[in-house]
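J.: As they're listed, the protein sequences go chains R and V. For the first sequence, the numbering used here begins at 3 and goes up steadily by one. For the second sequence, the numbering used here begins at 3 and goes up steadily by one. Let me give you the structure first, and then I'll get to my questions.
There are 2 protein chains.
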Amino acid sequence: MTDRLQLNMNEYLPLRDVVFNTLREAILKGELKPGERLMELQLAAKLGVSRTPIREAIRMLEQEGLAVTVPRKGAEVAKMTEKDMEDVLVIRATLDELAVELACDAITEEQLAQLQRARKDFENSIQSKDIKKIAQADVDFHDAIYQATGNTRLMTMLSNLREQMYRYRVEYLKDDSKYPELVREHQAIMEGIRSRDKSLAAGVMKRHVLNQAAAVKSRIREQE
Amino acid sequence: MTDRLQLNMNEYLPLRDVVFNTLREAILKGELKPGERLMELQLAAKLGVSRTPIREAIRMLEQEGLAVTVPRKGAEVAKMTEKDMEDVLVIRATLDELAVELACDAITEEQLAQLQRARKDFENSIQSKDIKKIAQADVDFHDAIYQATGNTRLMTMLSNLREQMYRYRVEYLKDDSKYPELVREHQAIMEGIRSRDKSLAAGVMKRHVLNQAAAVKSRIREQE
DNA sequence: CTCCTGTATTTTGTATACATTATACAACTC
DNA sequence: GAGTTGTATAATGTATACAAAATACAGGAG
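Structure below.
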């Protein structure tokens, strides 16, 4: 009996997860805007499912910080105030620092190569002028670091924090005068990790994250 | 018209939240043990509600890391491996450090007084030999610090991280030989914050958190 | 005895129905 | 006109019904 027919049974996803992913994407892409109401019946109709999986997906979005519910009124896409964003940025800067330090200790040769590839992909993506592509390449670079920490929880938390900024961050990437600095920072972080120089890598990473603060916050002010 | 009858309308809670709180408590207290199945029908019968709020509560527990669901099989109380606990501890140590630093900058006189009270309550609670009481006093002390950071997200995240350790931490508090050290550490943290000495306070806090590692991990080994 | 298979039962997944509350707006009062 | 009240409508909260999959286990084949 061949063991290669892996039986695509693992591709089953409950509708709640499909709905969750769909709504999550829509929120991150900005198709569902901060403050926009998430009405069960309407969403159910649009997605062709019943209210039950919609409700469960909303509960999940809620815990991810992407939606907010008021009892008996319903859910809406979470709005972030400038203060919220500051709070998130401080946490993210700290945890990203931690991630880099852990990566310095734990990264394997293979993961280092992966990180190197991600760094190059990012530099190449910049030529393309395609914001989505650049954003994705940036995400991949950071994910490569998270992966190298070997700390699953940290990976999850950092992905989640990034997600909350993501909606507002695209704007930051439109300003291509920042690209050279981004490239330099990625390079420095990469070098720091390769040479296992924790304080160098962590320092650059912290700056790298906090550099986004001004741009992201001004984007929030526009929203209001 | 008197404005003191605040109309207890704000005490309305959807059943999903009641169920969520109930299950959460049960898990933290150890009444629902790691690995124990959470069967909807059974829980619904026991709590006297229908499956719908149960399901929504389970989705919430899931995102808090207290439950794990396998599609079409159902949910169970999350088990933590030693590795999971290490991962959580590292994150918590880092964020608790951050919290203390932020508190050094932002704490008000009133909050300082509150922290002082919490610290004393903790010392008093130790005399009582009542583990629950001691645990609660410890929680209150740390909460007072979280409060002082003024960072709402950080408060939420730290509460959540603590929650995940809580189940395994009671054991740690049964060993009263540790009490003097705990008291000293609380005192040092308190002093550090009062004198706005970030590096002192942060350093002690980090140690304070990591000190629990061995005890908590051995508790996990027992579970297996 | 071991392994397989078929079936009954339990459990989850999803849809729908009913109850209750919030919202919008028109008619009314002052 | 400002505010209030009543009513229709729409939304959420909760329960239940039905479908589909997982599980347990008895019985049979080898």
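Ideal Cβ placement from N, Cα and C applies to all residues, glycine included.
Taking residue 284 of chain V as the reference, which of V:205, V:124, V:225 has the closest Cα?
T.: Nothing about residue 284 of chain V can be reported from this structure: the residues present for chain V run from 3 to 226 only.
J.: Checking the sheet assignment: what are the DSSP bridge partners for residue 39 of chain V?
T.: For the purposes of this step, residue 39 of chain V is taken as the residue at position 37 of the second sequence. Bridge partners of residue 39 of chain V: V:78.
J.: Since residue 69 of chain R and residue 60 of chain R should fall inside the 8 Å C-beta cutoff, what is the C-beta to C-beta distance between them, to a whole number of angstroms?
T.: Here residue 69 of chain R corresponds to residue number 67 of the first sequence, with the count starting at 1. Here residue 60 of chain R corresponds to residue number 58 of the first sequence, with the count starting at 1. Correct: roughly 6 Å between the Cβ atoms.
J.: Under the three-state reduction of DSSP, which class applies to residue 51 of chain V: helix, strand or coil?
T.: Residue 51 of chain V sits at position 49 when you count from the first residue of the second sequence. The answer is coil: DSSP assigns residue 51 of chain V none of H, G, I, E or B.
J.: Name, going along the chain, the residues of the region 178 to 199 of chain R whose beta-carbon falls closer than 7 Å to a beta-carbon of chain V.
T.: Hits within the stretch: zero.
J.: Looking at C-beta atoms only, is the number of pairs between the region 84 to 97 of chain V and the region 153 to 163 of chain R that lie closer than 8 Å three or more?
T.: Yes, since at least three Cβ pairs between the region 84 to 97 of chain V and the region 153 to 163 of chain R fall closer than 8 Å, the two stretches touch.
J.: Please state whether DSSP places residue 21 of chain R in a helix, a strand or coil.
T.: As a first step, residue 21 of chain R must be located in the first sequence, where it is residue number 19. Looking at residue 21 of chain R - three-state DSSP - the assignment turns out to be helix.
J.: Beta-carbon separation of residue 37 of chain V and residue 78 of chain V under 8 Å?
T.: Here the question's residue 37 of chain V lines up with position 35 in the second sequence. Here the question's residue 78 of chain V lines up with position 76 in the second sequence. Cβ distance < 8 Å, so residue 37 of chain V and residue 78 of chain V count as in contact.
J.: Please state whether the Cβ-Cβ distance between residue 84 of chain V and residue 169 of chain V is less than 8 Å.
T.: As a working mapping, residue 84 of chain V is identified with position 82 in the second sequence. As a working mapping, residue 169 of chain V is identified with position 167 in the second sequence. Their beta carbons are not under 8 Å apart, which means residue 84 of chain V does not touch residue 169 of chain V by this criterion.
J.: Express the C-alpha separation of residue 112 of chain R and residue 102 of chain R in angstroms, rounding to a whole number.
T.: Within the first sequence, residue 102 of chain R is the residue found at index 100, counting from 1. Within the first sequence, residue 112 of chain R is the residue found at index 110, counting from 1. Taking the straight line joining both Cα atoms gives about 16 Å.
J.: Quick one: is residue 24 of chain V near chain R, going by C-beta distance under 8 Å?
T.: Counting from one through the second sequence, the residue named residue 24 of chain V turns up at place 22. False, the Cβ-Cβ gap to chain R never drops below 8 Å.
J.: Closer than 9 Å by beta-carbon distance: list the chain R residues that pair up with residue 243 of chain V, in chain order.
T.: The structure shown has nothing for residue 243 of chain V, since chain V only spans 3 to 226.
J.: Where in the region 143 to 182 of chain R do unbroken runs of the alpha helix (DSSP H), each at least 4 residues long, occur, reported from the N-terminal end onward?
T.: DSSP runs (the alpha helix (DSSP H)) wholly in the region 143 to 182 of chain R: 154 to 176.
J.: Between residue 65 of chain R and residue 13 of chain V, how many whole angstroms is the CB-CB distance? I'm expecting something under 8 Å.
T.: The residue labelled residue 65 of chain R in the question sits at position 63 within the first sequence. The residue labelled residue 13 of chain V in the question sits at position 11 within the second sequence. That pair is no contact at about 23 Å.
J.: Could you name the residues of the region 107 to 141 of chain V whose beta carbon sits closer than 8 Å to any beta carbon of chain R, in the order they occur along the chain?
T.: Hits within the stretch: zero.
J.: If you compare alpha carbons, which of V:225, V:221, V:24, V:196 is closest to residue 104 of chain V?
T.: Against the second sequence, residue 104 of chain V aligns to sequence position 102. The shortest C-alpha separation from residue 104 of chain V is found at V:196.
J.: Please name the residue or residues paired with residue 71 of chain R in a DSSP beta bridge.
T.: As a working note, residue 71 of chain R is residue 69 in the first sequence. Residue 71 of chain R is bridged to R:77.
J.: In the region 81 to 120 of chain V, which residue ranges form an unbroken alpha helix (DSSP H) of at least 4 residues, counting only runs that do not cross its ends?
T.: Those alpha helix (DSSP H) runs which fall completely within the region 81 to 120 of chain V and span 4+ residues are 84 to 108.
J.: Is it a yes or a no for the region 117 to 132 of chain V touching the region 128 to 147 of chain R, going by three-plus beta-carbon pairs under 8 Å?
T.: Verdict: no, contact absent.
J.: Considering only the alpha carbon of each residue, which of V:82, V:76, V:23, V:191 lies closest to residue 100 of chain V?
T.: Residue 100 of chain V sits at position 98 when you count from the first residue of the second sequence. Looking at the Cα atoms, V:191 is the closest of the given residues.
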